[in-house]
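Read top to bottom, the protein sequences are chains E and U.
Taking this note's numbering, the leading residue of the first sequence gets 7, the next gets one more, and so forth.
Taking this note's numbering, the leading residue of the second sequence gets 85, the next gets one more, and so forth.
Even for Gly, the Cβ is constructed at its ideal location relative to N, Cα and C.
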Amino acid sequence: TQLLEQSPQFLSIQEGENLTVYCNSSSVFSSLQWYRQEPGEGPVLLVTVVTGGEVKKLKRLTFQFGDARKDSSLHITAAQPGDTGLYLCAGMMNYGQNFVFGPGTRLSVLP
Amino acid sequence: DSGVTQTPKHLITATGQRVTLRCSPRSGDLSVYWYQQSLDQGLQFLIQYYNGEERAKGNILERFSAQQFPDLHSELNLSSLELGDSALYFCASSDGTSGVADTQYFGPGTRLTVL
Numbered sequence: 007t008q009l010l011e012q013s014p015q016f017l018s019i020q021e022g023e024n025l026t027v028y029c030n031s032s033s034v035f036s037s038l039q040w041y042r043q044e045p046g047e048g049p050v051l052l053v054t055v056v057t058g059g060e061v062k063k064l065k066r067l068t069f070q071f072g073d074a075r076k077d078s079s080l081h082i083t084a085a086q087p088g089d090t091g092l093y094l095c096a097g098m099m100n101y102g103q104n105f106v107f108g109p110g111t112r113l114s115v116l117p
Numbered sequence: 085d086s087g088v089t090q091t092p093k094h095l096i097t098a099t100g101q102r103v104t105l106r107c108s109p110r111s112g113d114l115s116v117y118w119y120q121q122s123l124d125q126g127l128q129f130l131i132q133y134y135n136g137e138e139r140a141k142g143n144i145l146e147r148f149s150a151q152q153f154p155d156l157h158s159e160l161n162l163s164s165l166e167l168g169d170s171a172l173y174f175c176a177s178s179d180g181t182s183g184v185a186d187t188q189y190f191g192p193g194t195r196l197t198v199l
């Protein structure tokens, strides 16, 4: 059983469309991070959210941390082929300790 | 380029063998993490070291061990290898002082294939 669930597992959309991917858990996290991983490479950190209800924007990407710090969402506006990749969320269970990763959402943006 | 280096990039070996994976963290980073990524299990945290000391342990098998040396590079030793150990192994580093907002920088990974 995964501590962190991500949905959808796969997503294929056309360039210009909007999308939202979700990261859910029954556990409370000290912080939550989103990463993007491209084939053959290591994950790259996109954002860290720490406060319940926090919203962060990174160009066309909007990240939200749930009020109860158990879930998060990533919204991409006007997706581009360069957004293609595996999106991973990672939650920190205990302060200053390790992150637990979700299984990922594999996004494909078609031109 | 994250600044984290891992060697080798690819490793092919047989069941029952032992291998060592090496990681050099970013300059100035004191913390090193090891992860295993397989298709069915996703990215699994194995172990974390901070300035030479073990700080956190995850789903690391007893056949696996790691250490961090005085120059801060780290090695992950995998022994009595099984087919199921085939995976991508990532090393990540961070300064280890930012607590819940710690930023991990991942290396390019070592792809291990056990035949």
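- T187(U) reaches chain E at L51 and T54, counting residues in chain order whose Cβ is nearer than 8 Å.
- Taking CB atoms only, A96(E) has a neighbour in chain U less than 9 Å away.
- In terms of beta-carbon proximity, P14(E) stays away from the interface with chain U, with every pair separated by 9 Å or more.
- Beta-bridge partners of S108(U) (DSSP): T89(U).
- For G110(E), the chain U residues whose C-beta falls within less than 9 Å of its own C-beta are G126 and L127, listed in chain order.
- When Cβ-Cβ separations below 9 Å define contact, V198(U) makes no contact with chain E.
- The distance from the Cβ of L156(U) to that of L114(U) is about 7 Å, consistent with a contact at the 8 Å cut-off.
- Think of a sphere of 9 Å around the beta carbon of N104(E): the chain U residues whose beta carbon falls inside it are Y117, F129, I131, Q132, R139, A140, K141 and G142, in chain order.
- Annotated as proximal: S114(E) and T90(E), with beta-carbon spacing under 9 Å.
- Annotation for I131(U): the continuous beta strand (DSSP E) segment containing it runs G126 to Y134.
- With 16 or more other Cβ atoms from the protein chains shown falling within 10 Å of its own Cβ, T111(E) counts as buried.
- The C-alpha of Q120(U) is placed about 21 Å away from the C-alpha of F153(U).
- For S86(U), the nearest beta carbon of chain E is closer than 9 Å to its own beta carbon.
- With fewer than 16 other CB atoms across the displayed protein chains lying within 10 angstroms of its CB, P117(E) is exposed.
- Residues of the same chain with a CB within less than 6 Å of the CB of L199(U), apart from the 5 flanking positions on each side, are A98 in chain order.
- When C-alpha distances from N104(E) are compared across S163(U), I96(U) and L127(U), the shortest belongs to L127(U).
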